[in-house]
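The structure under discussion appears below in the form of structure tokens.
2 protein chains.
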Amino acid sequence: MTDKEKMPVCADGEHSHPEIVESVADRMADEEILMDVAELFKVFGDSTRVRIICALFESELCVCDIAELLNMTQSAISHQLRVLKQARLVKYRRDGKSIFYSLADSHIRTIFNSAFEHVME
Amino acid sequence: MTDKEKMPVCADGEHSHPEIVESVADRMADEEILMDVAELFKVFGDSTRVRIICALFESELCVCDIAELLNMTQSAISHQLRVLKQARLVKYRRDGKSIFYSLADSHIRTIFNSAFEHVME
DNA sequence: TCATCATATGAATAACTGTTCATATATACA
DNA sequence: TGTATATATGAACAGTTATTCATATGATGA
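If you're matching them up, the sequences are chains Z and C in order. Note that our numbering has the first sequence beginning at 23, numbered continuously upward. Note that our numbering has the second sequence beginning at 23, numbered continuously upward.
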């Protein structure tokens, strides 16, 4: 090319499809909700947290039991539980010296069941 | 403390609950499946990819239309489509100069519907 | 066949995230 | 009340990731 003028990337009105774009934009969920969904999936998108959640599907557990179950340090588990707590996905109760965590929301099971179905084809 | 000896973190057999841990370990899904689930959620855990997926719920779209819809560069969209492609979540077809992307799997809708329900309380 | 243009890709950068290590907190129970 | 201990937290580090910029690729359609 003779000049610094760069090539168009899908010049408007020719190969782009403005009417489709507009129609899709109208029907899509609000930006804010999409951000929340991404944020939720981000929390689910870590194998440690997935393992914690799946463990809690089976039983409430104290921190050190989770650590033992996953063969990880108490600190690492505690940090991840904080993430789950901030996302309001787990709740906890004290019993003696231990603190027992459990899942806070039944939707989590539904979401994970769908994901399991997908993963197992 | 007088020595480098650190305190126990939930000494076995006392405050830990080995029978519960073992029982949960038995019932949990295989490690490999949990990794796949985490990997799937990781792909969903980005707002750009969530927006692309939700756009594709409404209609198949070419790359430049997605870029316009999301107000992002063609390159950024292309990079993210590659991630979705590698996860086998989208498929594509050529039509003239454009390449139209669409969702490859109906499970995605199910998973997202559950996530939307959760996010909207 | 050749120039064009939609799309793909590679390298670089900046921001983010998970674990570790060290230590603080706080509750139980002696 | 004081000590032991289950849990929480902060800082640091390493690994990962999303975007940008520049450029390659490759099919179209003239």
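Glycine included, every Cβ here is placed at the ideal spot set by N, Cα and C. Since this is a predicted model, take the numbers as computed values, not measurements.
At a Cβ threshold of 8 Å, is residue i touching chain C?
i: Leu103(Z); result: no
i: Ile74(Z); result: no
i: Arg49(Z); result: yes
i: Asp58(Z); result: yes
i: Asp127(Z); result: yes
i: Ser100(Z); result: no
i: Met23(Z); result: Any reading at Met23(Z) needs caution, since the residue's pLDDT is 35, under 50, leaving its predicted position unreliable; the model's value is listed next. No, no contact with chain C.
i: Ser81(Z); result: yes
i: Ala137(Z); result: yes
i: Ile169(Z); result: Residue 169(Z) is absent from the model: chain Z starts at 23 and stops at 143.
i: Ala77(Z); result: yes
Less than 8 Å separating the beta-carbons of residue i and residue j?
i: Val141(C); j: Leu62(Z); result: yes
i: Ala51(Z); j: Cys76(C); result: yes
i: Ile133(Z); j: Ile74(C); result: no
i: Ala126(Z); j: Arg116(Z); result: no
i: Leu56(C); j: Ser124(C); result: no
Taking the C-alpha atoms as reference points, what is the distance between residue i and residue j?
i: Ser81(Z); j: Ser81(C); result: 42 Å
i: Ser136(Z); j: Val112(C); result: 18 Å
i: Val43(Z); j: Glu54(C); result: 39 Å
i: Lys119(Z); j: Arg71(Z); result: 23 Å
i: Ser100(C); j: Val65(C); result: 15 Å
i: Pro40(C); j: Arg131(Z); result: 25 Å
i: Met23(C); j: Asn93(C); result: Interpretation of Met23(C) is limited by its pLDDT of 34, a score under 50 that renders its predicted location unreliable; the figure taken from the coordinates is listed afterwards. Cα to Cα, Met23(C) sits roughly 59 Å from Asn93(C).
i: Gly35(Z); j: Gln96(Z); result: The predicted position of Gly35(Z) is uncertain, since its pLDDT is 46 and thus under 50; no value can be drawn from it.
i: Ala47(Z); j: His129(C); result: 23 Å
i: Phe138(C); j: Gln102(C); result: 22 Å
i: Gly67(C); j: Gln108(C); result: 15 Å
i: Tyr114(C); j: Ser69(Z); result: 30 Å
i: Glu143(Z); j: Arg104(Z); result: 32 Å
i: Ala98(Z); j: Leu106(Z); result: 13 Å
i: Arg49(Z); j: Arg49(C); result: 42 Å
Between residue i and chain Z, is there a C-beta pair that is closer than 8 Å?
i: Glu41(C); result: no
i: Asp87(C); result: yes
i: Lys113(C); result: no
i: Leu106(C); result: no
i: Met142(C); result: yes
i: Ser69(C); result: yes
i: Lys26(C); result: For Lys26(C), the pLDDT reaches just 33, beneath the cut-off of 50, and the residue's location in the model is therefore unreliable, although a value from the coordinates is still provided. Taking Cβ atoms only, chain Z never reaches closer than 8 Å to Lys26(C), which makes this a no.
i: Ile124(C); result: Correcting the residue type first, residue 124(C) is Ser in the shown sequence and not Ile. By this cut-off, Ser124(C) is not an interface position.
Can you determine whether any heavy atom of the ligand ATP sits closer than 7 Å to the C-beta of residue i, and answer yes or no?
i: Thr132(Z); result: Ligands in the displayed structure: none, and consequently the ligand ATP is not present.
Since I believe residue j is in contact with residue i (beta carbons under 8 Å), could you give me their beta-carbon distance rounded to a whole number of angstroms?
i: Phe122(C); j: Leu91(C); result: Incorrect: roughly 14 Å between the Cβ atoms, too far for contact.
i: Cys86(Z); j: Ser38(C); result: 6 Å
Whole runs of the beta strand (DSSP E) within the stretch 105 to 141 of chain Z, excluding any shorter than 3 residues | 112 to 117 and 120 to 125
Taking only runs of the alpha helix (DSSP H) that begin and end inside the stretch 43 to 105 of chain Z, which ones reach a length of at least 4 residues, in chain order?
-> 53 to 66, 69 to 80 and 85 to 92
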